[in-house]
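Numbering (our numbering), first residue to last: 431 to 804. No residue lacks a Cβ here, since even glycine has one placed at the ideal position from N, Cα and C. Since the model is a prediction, treat every value here as computed from it, not as a measurement. Structure, as structure tokens:
Laid out in structure tokens, this is it:
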């Protein structure tokens, strides 16, 4: 496979075609396991081949295509668009030190918040959330699974040492650790990891999760975290609480939540912005002990819906040409009035265009087809 803009402005994408697309070949492509030794204590990662858990996380990260395309779906430099998320890899995180801190915080919050709170988490998300954990969630401590998006260069420290609230930015809702129940929101905090790097800011991360294996190229990351919300307060402006209108924080730096009218101090803050600006809620905690990263998820932004707003249908090229067998995504309203004529042939190169098929004339791969830019 190669870049569709081959030449001076090309992205350098190149990969030989697989002779066949057998199940074993697909498994090899997706198998990021490396048989690596455990990294330095306290944190380590284990690549998961549990496809059921990946399916659950995929369902948790289901997005509304209209929201995805509106709030994040047209930021590619070449103008291409996307409207969906496809999970391509998943790792289980281990960190004994952070887990001990998390369990201690859980016991403390259970004493402070003896009754379960209702956080109005959507039922579909909640159903998937309850299936995900090896250990059940403790409702009395407000324990939930939430999503956290961040840039690749931040991941190594978070995964292997834990979140550090001293590094938190003073965002819309204070200087805390931000989470969401909607993957469109966490996607806004992410950035692209285009390829394996041996040097630079993300080299250590790549060494641990992609050692002796293929980097899937052009992926983003999300963290699935156990979060202890406990007793919570609600804000819409990041300054004052909804309900009594009192200050949500004790000081202007917005690091510490202010006590409620009953004298108790909330353990978390839920931000509900003006829906004219954003439809996504955010959940903030200000103590890193209330967070345990359970999974690292690698995903790709994809186009799954045609211009009609319906799920594309998948077909294959049947004509006996060099494109024979290639997947095609097209409008589901084909041969009907209102068809949008959307058509996308796979695979795409790193520029987001359909690659063309060429034939190798080298001594090493004579006569072998490959995908390349034209």
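Is the beta carbon of residue 517 sitting closer than 8 angstroms to the one on residue 727?
-> yes
Straight-line CA distance for residue 495 to residue 474?
-> 34 angstroms
Rounded to a whole number of angstroms, what is the C-alpha to C-alpha distance between residue 670 and residue 691?
-> 13 angstroms
Note down, in chain order, each residue of its chain lying with its Cβ closer than 7 angstroms to the Cβ of residue 513, except the 5 sequence neighbours on either side.
-> 495, 498, 499, 503, 733, 734 and 735
In three-state DSSP terms, what is residue 596?
-> helix
Enumerate, from N- to C-terminal direction, the unbroken beta strand (DSSP E) stretches of 3 or more residues contained entirely within the segment 779–804.
-> 786–789 and 799–802
So, residue 647 versus residue 625, is the Cβ gap smaller than 8 angstroms?
-> yes
Ignoring anything shorter than 4 residues or poking outside the segment 507–595, list the alpha helix (DSSP H) runs there in chain order.
-> 526–542, 553–562 and 582–591
Name, in chain order, the residues that DSSP records as bridge partners for residue 700.
-> 664 and 713
Residue 505 - DSSP class collapsed to helix/strand/coil = Note that residue 505 scores 44 on pLDDT, short of 50, meaning its location in the model is unreliable; the coordinates nonetheless yield the value given after this. Coil.
Exposed or buried, what is residue 508 when buried is set at 16 or more other beta-carbons lying within 10 Å of its beta-carbon?
-> Unreliable placement is indicated for residue 508, whose pLDDT of 39 sits below 50; the coordinate value is still reported in the next sentence. Under this definition residue 508 is an exposed residue.
Note down the Cα distance separating residue 628 from residue 582, rounded to an integer number of angstroms.
-> 14 angstroms
When 546, 559 and 755 are compared against residue 787, the one with the closest alpha-carbon = 755
Taking the CB atoms as reference points, tell me whether residue 730 and residue 649 lie closer together than 8 angstroms.
-> yes
Nearest to residue 802 by alpha carbon, out of 795, 790 and 600?
-> 790
Return the CA-CA distance between residue 661 and residue 636, expressed in angstroms with no decimal places.
-> 38 angstroms
Between residue 776 and the rest of its own chain, which residues show a CB-CB distance below 8 angstroms, the 5 nearest in sequence each way excluded?
-> 756, 757, 758, 759 and 784
For residue 553, does the count of other Cβ atoms within 10 angstroms reach 16, so buried, or fall short, so exposed?
-> exposed
What number of angstroms, rounded off, separates the C-alpha of residue 685 from the C-alpha of residue 610?
-> 19 angstroms
Close beta carbons around residue 796, own chain, < 8 angstroms, minus the five adjacent residues each side | 790
Can you name, in chain order, every residue of its own chain whose Cβ lies under 6 angstroms from the Cβ of residue 457, other than the five neighbours on each side?
-> Per-residue confidence for residue 457 stands at a pLDDT of 42, beneath the threshold of 50, marking its modelled position as unreliable; no derived number is given.
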